[in-house]
Amino acid sequence: MKVLVAIWGSTGDILPSLAIGRELKRRGHAVAFAANPYFQGLAERAGLEVLAVGERAHHEAMMADNDLFDAQRLSPIELLEKHYFPRMADFHRVAAQAFAAGARVLVGGELGSIAAAQVAGVPWFKVAASPGGNTGIDSRSDPLHPERPMPRPLRWLAGSGRGVWLYWRLHHARHGLWRWPRLQGEAAFMTDEARAFRVALGLRPEFDCAPREALCMWPAHFAPAQRDWPPRMRVCGFPLYPRPQPPLPRAERRLVVITTGTLAAAQDAFYDKAVAAFMRLGRPDLQALLVSPNQCHIPASLPEGVRHVAHAPFDELIGRAALVVHHGGIGTAAYALAAGVPQLMMPMRGDQFDNANRVQRLGTGRMMSAARDSVDDIARTMARLIDSESVAARCAHWRERTDAETGVRQAADRVETVVAPRRAGPRAGGALAAAVSGSWR
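All the letters of the sequence shown, read from the start, carry residue numbers 1 to 441 under the numbering used here.
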């Protein structure tokens with residue numbers, strides 16, 4: 001079976017789909033990976049054929065966007081208009097060529113490749129990297145954490161799904177909404193430009209392409225399936241790729257890892273406060289390692305015991321840490337849970353808040369705010385997380401229940417259910433590229 005994996009976004013968005021593609025390749029399927037050339041090395045190491053979409057500079061420009069983690073200055077739609085929509089037609093063109101060349105299933109996808117799959121009659125599997133990062137995966141029983149810090153007097157509500165439900169009820173009532181707002185799914189991202197794009201392909205202007213299944217790439221103990229989730233949601237498990245190395249014993253861990261992932265834009269305050277809080281600990285037995293591709297966000301002068309690297313392999317690094325201080329990214333959180341390492345999370349945008357809240361519910365970390373919490377408060381929380389025996393016990397408990405292989409294996413199993421012959425060719429009005437026999441291009 002020929003499989004197309006197509007994805008746009010950060011490394012945290014890319015890796016789950018890449019890991020599924022790698023597993024399908026291991027099982028003998030032909031897998032091509034369509035993404036920005038920035039990720040070519042990752043895809044080639046996974047053994048996948050690379051179909052480049054756009055130029056490396058496009059992704060680097062997004063990484064360097066100082067408004068990226070400020071929803072007040074760059075709304076979700078504005079982010080897409082600035083960084084994704086100029087690439088949408090390129091994704092469609094590459095995907096259409098792959099389907100014309102025999103690809104029978106789409107894994108991951110974004111608006112461009114999903115439209116190509118819809119035109120070609122090819123099923124697609126949505127890859128949901130986190131509960132809060134995929135519009136439409138929400139529940140009235142266990143709502144997502146709001147995409148901002150809760151007011152301090154109300155933070156206790158985040159300790160359970162029922163508490164977050166009550167918070168949202170109060171929030172909606174305050175704004176005169178007595179019914180729970182209807183979830184929009186991918187339709188929330190449809191702009192005039194996206195609608196015109198679909199019409200040109202002979203499709204309805206509004207998004208009307210449901211996935212064969214949505215592969216939820218987290219375990220049930222992180223976010224269990226809810227009765228009011230959309231149909232065909234499959235909770236699989238974390239896609240831990242590369243596979244994490246065995247962690248060091250707790251007594252041998254000497255690192256405090258401080259990172260905001262790969263899309264590290266305009267995060268000076270995060271690193272300034274994290275470094276200041278680490279120094280306030282007064283722990284000469286520990287060293288801090290700052291991991292960020294953007295040197296400009298790192299304090300100009302680092303104190304003794306603190307150093308900076310642009311990149312580090314998290315599959316090896318996290319298991320050596322006594323504490324991980326991060327932005328609430330799902331990939332970092334998953335590696336820390338798999339290694340049994342406590343986490344201090346200071347989220348800034350989007351699903352980071354919900355991820356951090358779910359880690360906090362498990363008892364393995366705390367959520368704070370780089371903007372609102374003081375250096376002293378952050379330092380005290382660091383010390384408690386490092387030294388607490390109860391936190392260590394919870395970390396060990398969930399480490400034993402976080403398997404490194406189950407998620408990707410179950411996701412690949414679901415993709416392999418597409419075994420029926422490919423349906424008839426493209427609809428009238430479709431703009432598919434000509435097939436090239438024996439090739440993806």
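A virtual CB, placed ideally from N, CA and C, is assigned to each residue, including glycine.
query, result
"Beta carbon of Ile209 nearer than 9 Å to that of Gln118", "Looking at the sequence itself, residue 209 is Cys, so the reference to Ile does not match. In contact: Cys209 and Gln118 (Cβ atoms closer than 9 Å)."
"Continuous beta strand (DSSP E) stretch holding Phe99: start and end", "Element bounds for Phe99: not the beta strand (DSSP E) but the alpha helix (DSSP H), Phe85 to Ala100."
"Euclidean distance between Cα positions of Pro219 and Arg56", "33 Å"
"Which of helix, strand or coil DSSP assigns to Val119", "helix"
"Unbroken alpha helix (DSSP H) run spanning Trp165, endpoints", "Gly161 to Arg174"
"Buried/exposed call for Arg198, threshold 16 Cβ in 10 Å", "buried"
"Cβ-based neighbour list, Ala334, same chain, cut-off 7 Å, excluding 5 preceding and 5 following", "Phe238 and Leu240"
"Cβ contact check for the region 30–37 and the region 1–12: 3 or more pairs under 8 Å", "yes"
"Rounded Cβ spacing between Leu51 and Val415 (contact assumed at less than 8 Å)", "The Cβ separation is near 18 Å, so there is no contact."
"Cross-strand partners of Lys82 (DSSP beta bridge)", "Its beta-bridge partners do not exist; DSSP assigns none."
"Proximity winner among Ile386, Tyr167 and Gly136, relative to Leu286 (alpha-carbon distances)", "Ile386"
"Closest by C-alpha distance to Met1, when choosing among Pro16, Arg26, Trp229 and Asp13", "Arg26"
"Own chain residues within Cβ distance below 7 Å of Ser369, not counting five before or after", "Pro149 and Met346"
"Contact under 9 Å by Cβ, Ala336 with Val359", "yes"
"Leu35 - DSSP class collapsed to helix/strand/coil", "Residue identity check: residue 35 is Ala in the sequence provided, not Leu. Looking at Ala35 - three-state DSSP - the assignment turns out to be strand."
"Cβ-Cβ distance between Phe125 and Val94 below 9 Å", "no"
"Helix, strand or coil at Trp398 [DSSP, three-state]", "helix"
"Classification of Ala128 by the beta-carbon crowding that lies within 10 angstroms, buried from 16 upward", "buried"
"Asp365: first and last residue of the uninterrupted beta strand (DSSP E) it sits in", "Just to set this straight, residue 365 is Gly in the shown sequence, not Asp. Gly365 to Met367 is the span of the beta strand (DSSP E), which, as asked, contains Gly365."
"Sequence-distant residues of its chain with Cβ nearer than 6 Å to Met455 (five each side left out)", "Lying before the first or after the last residue shown, residue 455 is absent from the chain, which here runs from 1 to 441."
"Local Cβ density within 10 Å of Ala116, reported as buried at 16 or more and exposed below that", "buried"
"The region 129–145 / the region 159–169 touching (three or more Cβ pairs under 8 Å)", "yes"
"Secondary structure of Gly429, DSSP reduced to three states", "Only weak support is given to the placement of Gly429: the predicted model assigns it a pLDDT of 35, under 50, and the value that follows is read from those uncertain coordinates. Coil."
"Proximity winner among Ala30, Arg73 and Arg155, relative to Ala101 (alpha-carbon distances)", "Ala30"
"Helix, strand or coil at Phe125 [DSSP, three-state]", "strand"
"Reduced DSSP secondary structure (H/G/I, E/B, other) of Ala420", "Confidence in Ala420 is poor, its pLDDT being 46 and thus under 50, which makes the residue's placement too unreliable to answer from."
"Among Phe207, Val324, Pro242 and Asp268, the one whose alpha carbon lies nearest that of Leu255", "Val324"
"Ala336 beta carbon near the ligand MN (any heavy atom closer than 8 Å)", "Absence of the ligand MN is noted for the structure shown, with no ligands found whatsoever."
"Outcome for Leu177 when other beta-carbon atoms lying within 10 angstroms are tallied against a minimum of 16", "exposed"
"Min CB distance Phe197 to chain B below 9 Å", "Absent here is chain B; the protein component of the structure consists of one chain."
"Other residues of its chain near Ser388: CB distance less than 8 Å, five sequence neighbours each side excluded", "Pro342"
"Same chain, Cβ closer than 8 Å to Leu157, five either side skipped, listed in chain order", "Met150, Gly163, Val164, Leu166 and Tyr167"
"Cβ distance (whole Å) where Pro244 is taken to contact Gly329 below 8 Å", "Not a contact, Cβ separation roughly 15 Å."
"Beta-carbon proximity of Val275 to Val306, cut-off 9 Å", "yes"
"Neighbourhood of Phe353 by C-beta distance below 6 Å, restricted to the same chain and skipping five residues each side", "His145, Glu147 and Pro347"
"Residues of its chain near Leu362, where Cβ-Cβ distance is below 6 Å and the 5 sequence neighbours each way are ignored", "Trp398"
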